[in-house]
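Inspection log for the structure reproduced underneath, given as structure tokens.
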Amino acid sequence: MGKVLEMTLRQSIIFCAVAALLAACGTEKQADPLTGGVKAIMAPLGQALGGKRGPAPTVPRTNLEQLGVPVTVGEIAATHTKFYIVPIAQTGSVETWSTSDDITATFRDGVLAATRGLRADLMESATPSAARLRSGSGTTVRQYGVLDGGDRLVRFNYTCQLSNLGTETISVLGRQHLTHHVAESCQGSGPPFTNDYWFESSGKIRKSSEVMFPGLAQVLLSRVVDK
Amino acid sequence: MTGRPTWQILAGTVSALAAIGVGVGFAVAQDRPSLNLYGATGLIDMPSAESQPDGTLSASFSRFGPISRTTLSFQLSPRISGSFRYSGVRDWNSFCPACPGGAFETYYDRSFDLRYQILEETDRLPALAIGLQDFVGTGLLAGEYLVATKNLTPNLKVTGGLGWGRLGSYGAIGSPFGDRPPLVVGAGGKFDAGQWFRGPAAPFAGIEWKIDRDWTLKAEYSSDDYAEEAGLRRTFQRSSPFNFGLEYQRNDYFRFGAYYMYGSEVGVAAHFFLNPKQRPGIGIQDGAPDVIKPRPSRTAAPEAYDAGWVEQPGVADILIKNLNKRLTVDGIHAAGIRFTGSTATVTAENNRYDAEAQFIGRVARAMSNVMPASVETFEIIPLVNGIPASRVLIRRSVLEQSEMAANATEAVRAQTRIAEAGPLRGTGLTYDPDLYPKFNWGLSPYVLTSFFDPDHPLRADLGARLSARFEPLPGVVVSGAVTKAIVGNLSDSTRVSDSVLPRVRSESNLYDREGDPALEHLTAAVYFRPAPQLYGRVTAGYLERMFAGVSVEVLWKRVDSPFALGAEVNYARQRDYDQGFGLRDYDVITGHVSGYYDFGQGYNAQLDVGRYLAGDMGATLTLRRKFATGWEVGVFATLTDVSFDDFGEGSFDKGITLKIPVTWGLGTPSKRNLSATIRPVLRDGGARLNVQDRLYETIRNYDEAGIDAQWGRFWK
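Keeping their order, the protein sequence lines are chains G and R.
Note that our numbering has the first sequence beginning at 1, numbered continuously upward.
Note that our numbering has the second sequence beginning at 1, numbered continuously upward.
This is the structure in structure tokens:
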């Protein structure tokens, strides 16, 4: 046993000696200042040299259904990013959904209310209820709390106007849904934005286009599998 | 609905998502005032009355004719700024070999500036500033000024001022405050207060026109005659007082300029700006935390609140294992646990988060998932080097109620108490049996630098460092590091120390030359808590690259007080230059009594009084500004009973300290920092031992102010 351990240790030291010129290694998992600095400088270079990701592949509905859990597909058109989230926790009307690599979105009454695992997370928020949005008229009040680069909480306050855009038949990953389209146009202490919601007759939000927080691209959320 | 189903088919499609939000939201381009060729806020060669945005750190490189300047400037507070400069004049003795001041091909000089903005600009009145240039040094660049700047239109600003010293050397209008006494330079480095604002005063002026967002034109009338450089030594020809420039602001970080100087020379400048207050990538990228797990209501499930579990054998082991299952992924280790039916205490090590609040938040989240429902109070004790640093008390019901609240951040802070953690001995903790003994090692690159050697102003080595750390018990740390240089020129220095003091630091180049490979340090340290509010440390072994010995430190510190008091006594013996196990003959008892004061807003001061490595007695005053991001910028000065003449070049020890958190640049969590101490010159007077992990700096991040500085990360 001791011999095996020795060999492993010696081999890893040799491996590390080679790697150390470019990177750090060992049991310490924190970023090393020098290596980190080099990586930080190289990262944008890598992107500039064409390291950009192409559009993510679309997973067929049947595969998603085989998971046996509800699935929502998210798309960020601006960055050609597609992601899949499944529910991992629920407390009353608050549901937290997660990607496979530990990014979560929390919905309060079906409305995006927090994210975690992103660089710029929506840390806290005040959001209207789904029923309020569904009414399609009047105003709503929203509040977004995000962290600045010095870990200080910055709040954005918004007042939004709801408008009823009528009935629409939408297609969500090959399936047709009859919905009622409501737009929520918001003005406030940050950049203006508009969220869109497509409600089914049951009151369920089948699809929505929401800002994670003002200034950030819209995320299109399609509730594909209901379970 | 708990647990995470596996869904491999979806893996790998989302990692691009995590980077979302890089550079959005707050990266509003600042219309910052420009810098001059001295790297200070100003026109071309003249200063202006403007200030940089608070906290701005800038590095400037400029050159015209034979003159080159490298300057580090810092906006210490909204109104006070300081600069440290390394300047060179080529062809110093070419025309005038017999001129006084020594024979140099290039004359290098270090200088410090200080500036105070008396008035901020208003609609009607200009900004007004007073400044000292090269106020502690050889005085080659010494000048004082009073200057006003007014924006006439959004794109046009004018500056006018009155200069003394070299800023009053051309076109003087008289000497309003009397004659300027001659400067006795000696070894340099002293305050030249007797000269300030004395002698001839001359007006200067300039204009700055912003052509568009990126381009700016500048013109100025300079009151600097360059009497020594252009007149006496003829290193260039000064044929006009007018300078002209065109500058280009590339982005928030870079500005470049090209100039036509004094009717004869072409100049260039590059300025690099940093904002320690904000990480360039804004947020920190890290895996999502555990969701707070709500308890069933007491009425619906009263049996869940039964505290009978406390009596179950082995429950502590199970709980700590379950905690660590959740925390290991976050680089956190729960070390010990104790509980009653209603309160649970967890001691934990943070090996990842620069933000202490995020570490505490993650532990609290894990506890909400693991602890039985009867536990209402969470007591989290952060451990630093195995000893408790503070005690954070959080009510579980507050966590449950506020996680999704619109004011979640404040709501949980309002109900959280940060208190003293006394000694842990005998408090009934059950320790994680897997935690000790603990062994970590690492192999990483390193860079070692040496500045301001007149033969070679910048030297550096790049090499590999193999380090290891062994902790057999809580609070006991055996650690060591070996370095091997791979490329570099540190060992080329042949400078021979002329010090008349014991050569405790001035032979550092011999250590560079002979210490390859080098045993950087090899120590055994014990950290302990002798009593509430008291912290202790004993370190023995090869303490640093130049000294071995024993170091004993005691610190008195409250978590809720800005004041702390410490004492340290060391027996130190000089190590052989080859940095092996051998020792030289010189030894000394050195030590200090240290007072620390936190002024709030990140400003703090430290006063050390005691005996230094060369046996000299004196005091060091250090002023630091620490930003929430972890950046730290400091200045220090040491005066001891060593005379200025005996000290040698620079007259006394002084310098600038920088601490740059790796997280700031990378945007991923890490506790590591890049640290640098920049001294105009490294001599033997006022030298302190470099012992690792002095108590105050390791403990203070977990006091109330330290945790609150990044409280926003609690829920991250």
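Where is the CB? At the ideal position from N, CA and C, for every residue including glycine.
These numbers were taken from a predicted model, which means no experiment stands behind them.
How would you list, in chain order, the residues of chain G whose beta-carbon sits under 8 angstroms from the beta-carbon of residue i?
| i | result |
| --- | --- |
| residue 713 of chain R | 147, 151 |
| residue 359 of chain R | Those within 8 angstroms of residue 359 of chain R in chain G number zero; the least Cβ separation is about 13 angstroms. |
Identify the contact partners of residue i in chain R, using a Cβ-Cβ distance below 8 angstroms as the criterion.
| i | result |
| --- | --- |
| residue 102 of chain G | 287, 288 |
| residue 114 of chain G | 404 |
Using a 10 Å radius around the Cβ and a threshold of 16 neighbouring Cβ atoms, would you call residue i buried or exposed?
| i | result |
| --- | --- |
| residue 211 of chain G | buried |
| residue 788 of chain R | Look at the range of chain R in this structure, 1 to 716, and you will see that residue 788 of chain R is not part of it. |
| residue 277 of chain R | buried |
| residue 179 of chain R | exposed |
| residue 521 of chain R | buried |
| residue 597 of chain R | exposed |
| residue 263 of chain R | exposed |
| residue 301 of chain R | exposed |
| residue 64 of chain R | buried |
| residue 700 of chain R | buried |
| residue 116 of chain G | buried |
| residue 73 of chain R | buried |
| residue 349 of chain R | buried |
| residue 55 of chain R | buried |
Report yes if the CB atom of residue i is closer than 7 angstroms to the CB atom of residue j, and no otherwise.
| i | j | result |
| --- | --- | --- |
| residue 202 of chain G | residue 73 of chain G | no |
| residue 148 of chain R | residue 170 of chain R | no |
| residue 388 of chain R | residue 381 of chain R | yes |
| residue 594 of chain R | residue 608 of chain R | yes |
| residue 129 of chain R | residue 49 of chain R | yes |
| residue 186 of chain G | residue 144 of chain G | no |
| residue 411 of chain R | residue 714 of chain R | no |
| residue 71 of chain G | residue 219 of chain G | no |
| residue 655 of chain R | residue 677 of chain R | yes |
| residue 196 of chain R | residue 247 of chain R | no |
| residue 218 of chain R | residue 245 of chain R | yes |
| residue 189 of chain G | residue 213 of chain G | no |
Could you tell me the distance, in whole angstroms, from the CA atom of residue i to the CA atom of residue j?
| i | j | result |
| --- | --- | --- |
| residue 297 of chain R | residue 529 of chain R | 41 angstroms |
| residue 259 of chain R | residue 621 of chain R | 40 angstroms |
| residue 698 of chain R | residue 601 of chain R | 19 angstroms |
| residue 252 of chain R | residue 546 of chain R | 41 angstroms |
| residue 90 of chain G | residue 334 of chain R | 27 angstroms |
| residue 163 of chain R | residue 208 of chain R | 19 angstroms |
| residue 265 of chain R | residue 236 of chain R | 8 angstroms |
| residue 44 of chain R | residue 220 of chain R | 7 angstroms |
| residue 630 of chain R | residue 57 of chain R | 14 angstroms |
| residue 114 of chain R | residue 515 of chain R | 39 angstroms |
| residue 183 of chain R | residue 444 of chain R | 49 angstroms |
| residue 710 of chain R | residue 487 of chain R | 39 angstroms |
| residue 639 of chain R | residue 680 of chain R | 15 angstroms |
| residue 141 of chain G | residue 354 of chain R | 35 angstroms |
| residue 534 of chain R | residue 552 of chain R | 13 angstroms |
| residue 650 of chain R | residue 644 of chain R | 8 angstroms |
| residue 604 of chain R | residue 712 of chain R | 22 angstroms |
| residue 112 of chain R | residue 454 of chain R | 18 angstroms |
| residue 483 of chain R | residue 612 of chain R | 27 angstroms |
| residue 463 of chain R | residue 340 of chain R | 52 angstroms |
| residue 337 of chain R | residue 659 of chain R | 34 angstroms |
Give the interface partners of residue i over in chain G, defined as CB-CB distance under 7 angstroms, in chain order.
| i | result |
| --- | --- |
| residue 294 of chain R | 91 |
Could you name the residues of chain R that residue i contacts, counting a contact when the two beta carbons are closer than 7 angstroms?
| i | result |
| --- | --- |
| residue 176 of chain G | Residues of chain R passing the Cβ test: none, with the nearest at roughly 24 angstroms. |
| residue 211 of chain G | Simply none; closest approach about 11 angstroms. |
| residue 143 of chain G | 406 |
| residue 126 of chain G | 406 |
Please list, in chain order, the chain G residues whose beta carbon lies closer than 9 angstroms to that of residue i.
| i | result |
| --- | --- |
| residue 525 of chain R | By Cβ distance, chain G contributes nothing, its closest Cβ being about 18 angstroms from residue 525 of chain R, past 9 angstroms. |
For the segment 635-642 of chain R and the segment 89-96 of chain R, state whether three or more C-beta atom pairs, one from each stretch, are separated by less than 8 angstroms.
no
Is the number of C-beta pairs between the segment 146-166 of chain G and the segment 270-283 of chain R that are closer than 8 angstroms three or more?
yes
Three or more C-beta pairs below 8 angstroms linking the segment 558-566 of chain R and the segment 445-454 of chain R:
no
Check whether the segment 317-328 of chain R and the segment 398-410 of chain R are in contact - that is, three or more C-beta pairs closer than 8 angstroms.
no
Counting beta carbon pairs with one atom in the segment 98-107 of chain G and one in the segment 287-307 of chain R, are three or more of them shorter than 8 angstroms?
yes
Report yes or no: do three or more beta-carbon pairs, one from the segment 506-514 of chain R and one from the segment 572-582 of chain R, lie closer than 8 angstroms?
yes
Is the number of C-beta pairs between the segment 361-379 of chain R and the segment 676-690 of chain R that are closer than 8 angstroms three or more?
no
Give a yes or no on contact between the segment 190-208 of chain G and the segment 167-180 of chain G, applying the rule of three or more CB pairs nearer than 8 angstroms.
yes
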